[in-house]
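Student: Below you'll find the structure I mean.
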Amino acid sequence: MRLAELSSPDVAERAAAGAILAIPVGATEQHGPHLPLTTDTDIAAALCLGLAAARPDVLVAPPVAYGSSGEHAGFAGTLSIGQEATELLLVELGRSAAETFGRLVFVSAHGGNAGPVARAVARLRAESREVEVFQPRWPGDPHAGRPETALQLALRPGAVRMDRAEPGDRRPLGELLPLLREGGVRAVTVTGVLGDPTAATAEEGRELLARLVEALVSHVDAWQPVVVA
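With this note's numbering as the guide, the letters of the sequence shown map in order to residues 1 to 229.
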């Protein structure tokens, strides 16, 4: 269930019964010429809704649609708030949410948010708040390639322009990382794509989404809250 669709008393009742708040964390950034800027946010939100479908005790917060996307500078439409602001946003959001909910889980689907999310979660835990984080991982193309294109074909097919899909830099991520750190995505690909999206299908997107939701559900199922004596 979506948090924003409930009234305040409804939320209070659910929270008192032990509800977990799942917070999708995405970005607004280029995903090649064929995918929408909302791709990371869409994936994070879909994972949270999948978690809520599997666990009735989960409420899904409105997505955080901005993050640390400086590596995509130079591509039209990318809106980055940087690492420091992303970390602070998540810390303050977590503090506020923890006033209502005993447990929070951030689901972050943008790799550039990894550092800020980790630091925010560490800070919130140091303040004795019950916070977890899940960052989906998949093999293959790291950005706007086959996996993300397949996921969007499953989630929002009308937003995908397969007629514009074209390969980008297909070198392994380990080989690209030094170049990406030095010059951003622009330094290695003019399309903004890392990988080859042209063969992606909605069917493989649905299969990948199911695996990612299963991994998220298992992660939350295994979560053992800290008991303070």
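Where a beta carbon is used, it is the ideal one built from N, C-alpha and C, also for glycine.
Enumerate in chain order the residues of its own chain whose CB-to-CB distance from residue 161 is below 6 Å, with the five nearest sequence positions on each side excluded.
Tutor: Only 34 meet the Cβ criterion.
Student: Using a Cβ-Cβ cutoff of less than 8 Å, which residues in the same chain neighbour residue 184 once the five nearest sequence positions on both sides are dropped?
Tutor: 70, 71, 72, 73, 74, listed in sequence order.
Student: Work out the CA separation of residue 109 and residue 122 for me, nearest whole Å.
Tutor: Approximately 18 Å, taken between the alpha carbons.
Student: Kindly indicate which residue of 118, 66, 127, 180 has the alpha-carbon position closest to the one of residue 96.
Tutor: Among 118, 66, 127, 180, the Cα nearest to that of residue 96 is on 127.
Student: In the DSSP output, what is residue 194 paired with across the bridge?
Tutor: According to DSSP, which records beta bridges pairwise, residue 194 is partnered with 143, 169.
Student: Count Cβ pairs between the segment 185-196 and the segment 138-149 that sit closer than 8 Å; are there 3 or more?
Tutor: Verdict: yes, contact present.
Student: Kindly say whether residue 163, judged by its beta-carbon, lies nearer than 7 Å to any beta-carbon of chain D.
Tutor: No chain D appears in the structure shown, which is made up of a single protein chain.
Student: Using the three-state DSSP reduction, which class does residue 55 fall into: helix, strand or coil?
Tutor: Coil.
Student: Roughly how many whole angstroms lie between the Cα atoms of residue 24 and residue 216?
Tutor: In a straight line, the C-alpha of residue 24 is about 12 Å away from that of residue 216.
Student: Please name the residue in 31, 65, 47, 53 whose C-alpha comes closest to that of residue 41.
Tutor: Out of 31, 65, 47, 53, 65 has the C-alpha closest to the C-alpha of residue 41.
Student: For residue 22, name the three-state secondary structure that DSSP assigns.
Tutor: Here residue 22 sits in strand by DSSP.
Student: How is the beta strand (DSSP E) around residue 130 delimited, first residue to last?
Tutor: Counting along the chain, the beta strand (DSSP E) containing residue 130 begins and ends at 130-134.
Student: Applying the 10 Å Cβ sphere with the 16-neighbour rule, what's the burial state of residue 168?
Tutor: Buried, because 16 or more other Cβ atoms sit within 10 Å of the Cβ of residue 168.
Student: At which residues does the beta strand (DSSP E) containing residue 107 begin and terminate?
Tutor: Looking at the DSSP string, the run of the beta strand (DSSP E) that includes residue 107 is 103-108.
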